[in-house]
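Undergrad: In the numbering used here, the protein residues as written are 11 to 318.
Think of the CB as a built atom: it goes at the ideal place given N, C-alpha and C, for glycine as much as any other residue.
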Ligand code: SF4
Ligand code: SF4
Ligand code: SF4
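#1: Is residue 96 near ligand 3, in the sense that its beta carbon is under 6 angstroms from a heavy atom of that ligand?
#2: Which of the three DSSP states is assigned to residue 29 in this structure?
#3: How many angstroms separate the CA atom of residue 79 from the CA atom of residue 68?
#4: Along the alpha helix (DSSP H) that carries residue 289, what are the first and last residues, could you check?
#5: Based on Cα-Cα distance, which residue from 252, 93, 22 lies nearest to residue 216?
#6: Which one or two residues does DSSP pair with residue 23 in a beta bridge?
#7: Between residue 90 and residue 303, what straight-line distance do the alpha-carbon atoms span, to the nearest angstrom?
#8: Looking at the strands, I want to know which residues DSSP matches up with residue 189.
#9: Using the three-state DSSP reduction, which class does residue 245 fall into: helix, strand or coil?
#10: Rounding to the nearest angstrom, what Cα-Cα distance links residue 200 and residue 11 in this structure?
#11: Secondary structure at residue 108, three-state DSSP: helix, strand or coil?
#12: How would you label residue 14, buried or exposed, when you count the other beta carbons within 10 angstroms and need 16 or more for buried?
#13: Is residue 66 near ligand 2, in the sense that its beta carbon is under 6 angstroms from a heavy atom of that ligand?
#14: Name the two residues that bound the continuous alpha helix (DSSP H) containing residue 119.
#15: Use the C-beta contact count for residue 128: other C-beta atoms within 10 angstroms, 16 or more gives buried, fewer gives exposed.
#16: Does the Cβ of residue 163 have 16 or more other Cβ atoms within 10 Å, making it buried, or fewer, making it exposed?
#17: Taking DSSP as the reference, what is the three-state secondary structure of residue 198?
#18: Using a Cβ-based criterion (distance less than 6 angstroms to any ligand heavy atom), does residue 244 qualify as near ligand 2?
#19: Does the distance from the CB of residue 37 to the CB of residue 19 come in under 7 angstroms?
#20: If you draw a straight line from the C-alpha of residue 72 to the C-alpha of residue 171, how long is it?
#21: For residue 80, list the residues DSSP reports as bridge partners.
#22: If you draw a straight line from the C-alpha of residue 271 to the C-alpha of residue 86, how long is it?
#23: Express the C-alpha separation of residue 299 and residue 311 in angstroms, rounding to a whole number.
#24: Rank 274, 260, 138, 151 by C-alpha distance to the C-alpha of residue 23 and give the top, closest one.
#25: Please go through the same chain and pick out, in chain order, the residues whose beta-carbon is closer than 8 angstroms to the beta-carbon of residue 148, but skip the five residues on each side of it.
#26: Would a check of beta-carbon distances place residue 219 closer than 7 angstroms to chain B?
#27: Please classify residue 66 as buried or exposed, where buried requires at least 16 other C-beta atoms within 10 Å of its C-beta.
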């Protein structure tokens with residue numbers, strides 16, 4: 011049995027792979043996307059989350075925090091220096107501070123997920139998301155084995171940023187990959203995610219060449235990569251590699267509230283970065299022309315958002 015950390019389980023998901031699915035959000039990610047929709051999943055350790063609407067302003071968290079992360083004046087929570095000691099969570103009387111991150115044994119988690127088997131039908135199953143599931147490789151592989159032992163269909167939402175050797179272990183265990191290519195321009199990719207593009211594309215090419223069921227997805231952020239050239243490159247890439255599907259996702263402003271909860275209120279990109287319907291339509295048409303056909307999978311919006 012292998013232990014790992016997740017931020018939550020979401021049931022009845024329609025856009026995280028084929029059919030009706032239950033999605034598990036792994037904690038930990040090697041990337042730092044500026045527009046990250048689940049910032050609470052970036053750190054692989056438990057961390058405090060602030061629900062400001064429940065705060066009664068008692069000041070207990072400010073009194074115990076050794077790093078000065080909580081300030082009652084203007085009720086600011088800034089986690090840059092947070093050591094994740096969890097003292098603030100322990101003293102909070104109202105539940106405004108919550109510990110984000112629960113440890114699970116892989117077999118027990120699979121048992122919990124298998125309770126949803128009656129809902130999965132012919133096509134549904136479990137999707138590993140995050141964060142980046144491969145950031146906890148032993149836990150991800152163990153959970154996939156446990157799911158397979160229970161005859162559950164498996165999907166993985168990945169940014170593709172993992173060691174090349176891990177792909178060989180994933181291929182027989184993952185039935186569907188939802189593969190997010192954050193950008194097709196290497197410079198923009200590195201600048202906006204902190205991670206190089208080349209190894210991600212190498213992994214993607216190998217997965218497609220091995221015959222994996224891959225949906226290539228690209229998140230579109232206004233003022234960053236909402237460009238016809240990018241949409242065309244993504245469609246071409248998916249066609250050349252033989253991916254089964256290709257689709258665009260729209261940047262979601264919901265993450266701004268999450269950044270406040272994790273103590274990074276000044277990083278929010280906001281509504282100004284959301285592409286409008288017309289832009290999404292033009293980019294989708296361009297991508298589909300380059301890909302050679304329309305998208306197969308349903309929905310447009312970014313379905314990986316936990317708690318949406
Ligand atoms: S978990 Fe972070 S914010 Fe909370 S008391 Fe410890 S250092 Fe301060
Ligand atoms: S301890 Fe909880 S209720 Fe008290 S000020 Fe901090 S967050 Fe608010
Ligand atoms: S890869 Fe996903 S979880 Fe990781 S930083 Fe980017 S958007 Fe967030």
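TA: Per the coordinate set shown:
#1: no
#2: DSSP places residue 29 in coil when its eight states are reduced to three.
#3: 15 angstroms
#4: Where residue 289 is concerned, the enclosing alpha helix (DSSP H) stretches over 287-301.
#5: It is 252.
#6: 31
#7: It is roughly 45 angstroms from the alpha-carbon of residue 90 to the alpha-carbon of residue 303.
#8: 168, 226
#9: helix
#10: Spanning the two alpha carbons is a distance of roughly 36 angstroms.
#11: strand
#12: buried
#13: Relative to ligand 2, the beta carbon of residue 66 is positioned inside 6 angstroms of a heavy atom.
#14: It spans 116-124 - the alpha helix (DSSP H) in which residue 119 sits, taken as one unbroken run.
#15: Around the beta-carbon of residue 128, fewer than 16 other beta-carbon atoms lie within 10 Å, marking it exposed.
#16: buried
#17: In the three-state DSSP reduction, residue 198 falls in the helix class (H, G or I).
#18: Checking the 6 angstroms criterion, the Cβ of residue 244 is out of range of every heavy atom belonging to ligand 2.
#19: no
#20: Rounded to whole angstroms, residue 72 and residue 171 show a C-alpha spacing of 37 angstroms.
#21: 87
#22: 10 angstroms
#23: Because residue 311 carries a pLDDT of 36, less than 50, the predicted location of this residue cannot be relied on, and no value is offered for it.
#24: 138
#25: 12, 14
#26: This model lacks chain B altogether; it includes just one protein chain.
#27: The residue in question, residue 66, is exposed, as its Cβ has fewer than 16 Cβ neighbours within 10 Å.
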